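In the working numbering, the protein residues as written are -19 to 237.
Note sheet for the following structure.
Printed below as a string of structure tokens:
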């Protein structure tokens, strides 16, 4: 009877996260999954994990070059942050409306925003039905407008995250020492297992809240288990039964990083 391939395992060595599957083969193979730029390793049954890690480490430079190539091939949305563009907040699409006229800002965003814009050149962001209003000085370019929206989104996440950490922490049975939000290019979240400090990617604020819960649960689980082996997966099955489904879905959104 032919032996079936093992279940795919998640592992990490240094900064490289990789998927590992054991098969009835004679040697190890390494490839990158299209669109996700994810490292996938297949190894013969009974290969020690230490040998797999050495194999991945030896190919570190090749992995880095291939990931860069694939990243360039993935079409990334180009934003100019002008009126009419679509911006997602918690998975819901809003039409961006950039306001630079003082009277319009006063009318749509309120007196306080209009005064801050006039006296201090300060921007303001507000959701109004299906529109995302951005009041900013007329000389703000795309980069400055992006910074304004990022800062606003960060504040939204910082207001929402305490409840998420509280709920997920109760399930996991571990609590972070602290957390913070920032943009990251390659990861949705990170956990410093020595200090218990967790970082959450700002771009999660563009996705439905369930993805944020998944990432927070994932990072908190690392306070129990360092790697992504069987003990880690068993805990994730217990804390977040749909984690495999979420992982697959969020993997397709890597272009947002």
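Using N, Cα and C, we set each Cβ at its ideal position, and we do this for glycine too.
These figures come from a predicted structure and were not determined experimentally.
- Here residue 42 is exposed: its Cβ has fewer than 16 other Cβ atoms, across all protein chains shown, within 10 Å.
- For residue 177, the enclosing beta strand (DSSP E) starts and ends at 177 to 181.
- Residue 137 and residue 27 have their C-alpha atoms spaced approximately 43 Å apart.
- Where residue -9 is concerned, the enclosing beta strand (DSSP E) starts and stops at -11 to -7.
- Restricting attention to 18, 65, 105, the CA atom closest to the CA of residue 45 is found in 18.
- A distance below 7 Å between beta-carbons, with the five flanking residues on each side excluded, links residue 145 to the following residues of its chain, in chain order: 156, 159, 196.
- Just measuring C-alpha positions, the residue of 135, 209, 206 sitting nearest residue 184 is 135.
- The segment 61 to 68 and the segment 120 to 136 touch, with no fewer than 3 CB-CB distances between them shorter than 8 Å.
- Closest in C-alpha terms to residue -2, from the list 39, 178, 24, 200, comes 39.
- It is roughly 26 Å from the alpha-carbon of residue 207 to the alpha-carbon of residue 187.
- In this structure, DSSP gives residue 142 a helical state, which the three-state scheme calls helix.
- When rounded, the separation of the alpha-carbon atoms in residue -11 and residue 142 is 31 Å.
- The count of Cβ pairs closer than 8 Å, one atom from the segment 221 to 233 and one from the segment -8 to 6, stays below three, leaving the stretches out of contact.
- Considering only 182, 150, 198, 203, the residue with the shortest C-alpha distance to residue 176 is 203.
- Counting along the chain, residue 226 sits inside the alpha helix (DSSP H) bounded by residues 223 to 231.
- By the Cβ criterion, the segment 67 to 82 is in contact with the segment 101 to 118, since at least three pairs of Cβ atoms, one from each stretch, lie closer than 8 Å.
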